[in-house]
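Q:
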Amino acid sequence: MTRAEASLNGTGKTVINDGVVAKVAGLAARDVAGVHALGGGAARALGAIRDAMKNTDVSQGVSVEVGETQVAVDVTIVADYPVQLQQVANDIRTNVIRAIEDLVGLEVTEVNVTILDIHLPSDDDADPAEPTKAALR
Numbered sequence: 000m001t002r003a004e005a006s007l008n009g010t011g012k013t014v015i016n017d018g019v020v021a022k023v024a025g026l027a028a029r030d031v032a033g034v035h036a037l038g039g040g041a042a043r044a045l046g047a048i049r050d051a052m053k054n055t056d057v058s059q060g061v062s063v064e065v066g067e068t069q070v071a072v073d074v075t076i077v078a079d080y081p082v083q084l085q086q087v088a089n090d091i092r093t094n095v096i097r098a099i100e101d102l103v104g105l106e107v108t109e110v111n112v113t114i115l116d117i118h119l120p121s122d123d124d125a126d127p128a129e130p131t132k133a134a135l136r
């Protein structure tokens, strides 16, 4: 496990584990409008089980490579439909960079965003007061 280390005025060493950086990135990515979920199908299924047990993994769908002063981030998402996918990816990059640089103090060299799927609203998500296409036939 790589750790970011920073010396503070020669009074000691701060060690930041990769998991902390991944959590910060995951929280920042989840805050972006148009992000339905983080992670692929298997990760989301495991995440649903964790959520049911009140043990949410906020770093799901996020991997980081942390050096002493820099970090590279990979984020995998499912986007909501209809959103501008490039805009969502750009907003994720902006949020993740800001959060890591502000909270963790590391320079972000890159944020790669992979959009695995788009979430289509289902009948379960629709307003019950609105008639469905099937009901109108």
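Numbering-wise, numbering that gives the first Met the number 0 puts 119 at position 120 of the sequence shown, and it's gapless, one number per residue. Glycine is no exception: its CB is placed at the ideal position from the N, C-alpha and C atoms.
1. DSSP state of D56, grouped into three classes?
2. Which of the three DSSP states, helix, strand or coil, is assigned to V82?
3. Rounded to the nearest angstrom, what separates D101 and P120 at their Cα positions?
4. May I have the straight-line CA-CA distance separating V95 from K12, to the nearest angstrom?
5. Alpha carbon to alpha carbon, how far is R43 from Q69?
6. Would DSSP call N16 helix, strand or coil?
7. Based on Cα-Cα distance, which residue from V20, D116, I117, T10 lies nearest to E67?
8. Report the option in T10, V34, A71, I99 whose CA atom is closest to the CA atom of L84.
9. In whole angstroms, what is the alpha-carbon distance linking D79 and T10?
10. Roughly how many angstroms separate the alpha carbons of G39 and N111, rounded to a whole number?
11. Under 8 Å between the Cβ atoms of A28 and V61?
12. Look up V31 in the DSSP assignment and say whether it is helix, strand or coil.
13. Count the other CB atoms, across all protein chains shown, that sit within 10 Å of the CB of Q86; report buried if there are 16 or more and exposed otherwise.
A: According to the structure shown:
1. Reading the sequence shown from its first residue, position 57 is the one you call residue 56. D56 falls in the coil class under three-state DSSP.
2. Position 83 of the sequence shown, counted from the first residue, corresponds to residue 82. V82 falls in the coil class under three-state DSSP.
3. As a position in the sequence shown, residue 101 is number 102, starting the count at 1. As a position in the sequence shown, residue 120 is number 121, starting the count at 1. Going by the C-alpha atoms only, they are around 35 Å apart.
4. In the sequence shown, counting from the first residue as 1, residue 95 sits at position 96. In the sequence shown, counting from the first residue as 1, residue 12 sits at position 13. Going by the C-alpha atoms only, they are around 24 Å apart.
5. The count along the sequence shown starts at 1 and reaches residue 43 at position 44. The count along the sequence shown starts at 1 and reaches residue 69 at position 70. Low local confidence applies: a pLDDT of 47 at R43 is under 50, so the model's placement there is unreliable, and no value is given.
6. Position 17 of the sequence shown, counted from the first residue, corresponds to residue 16. It is a strand residue.
7. Your numbering for residue 67 matches position 68 in the sequence shown. Looking at the Cα atoms, V20 is the closest of the given residues.
8. Residue 84 sits at position 85 when you count from the first residue of the sequence shown. Looking at the Cα atoms, V34 is the closest of the given residues.
9. Numbered from 1 along the sequence shown, position 80 holds the residue referred to as residue 79. Numbered from 1 along the sequence shown, position 11 holds the residue referred to as residue 10. D79 and T10: Cα-Cα distance of roughly 47 Å.
10. Here residue 39 is taken as the residue at index 40 of the sequence shown, counted from 1. Here residue 111 is taken as the residue at index 112 of the sequence shown, counted from 1. If I take the Cα positions, the gap works out to 15 Å.
11. Here residue 28 refers to the residue found at position 29 when the sequence shown is read from its first residue. Here residue 61 refers to the residue found at position 62 when the sequence shown is read from its first residue. Closer than 8 Å, so yes.
12. Walking along the sequence shown from the start, residue 31 turns up at place 32. V31 falls in the coil class under three-state DSSP.
13. For the purposes of this step, residue 86 is taken as the residue at position 87 of the sequence shown. Exposed.
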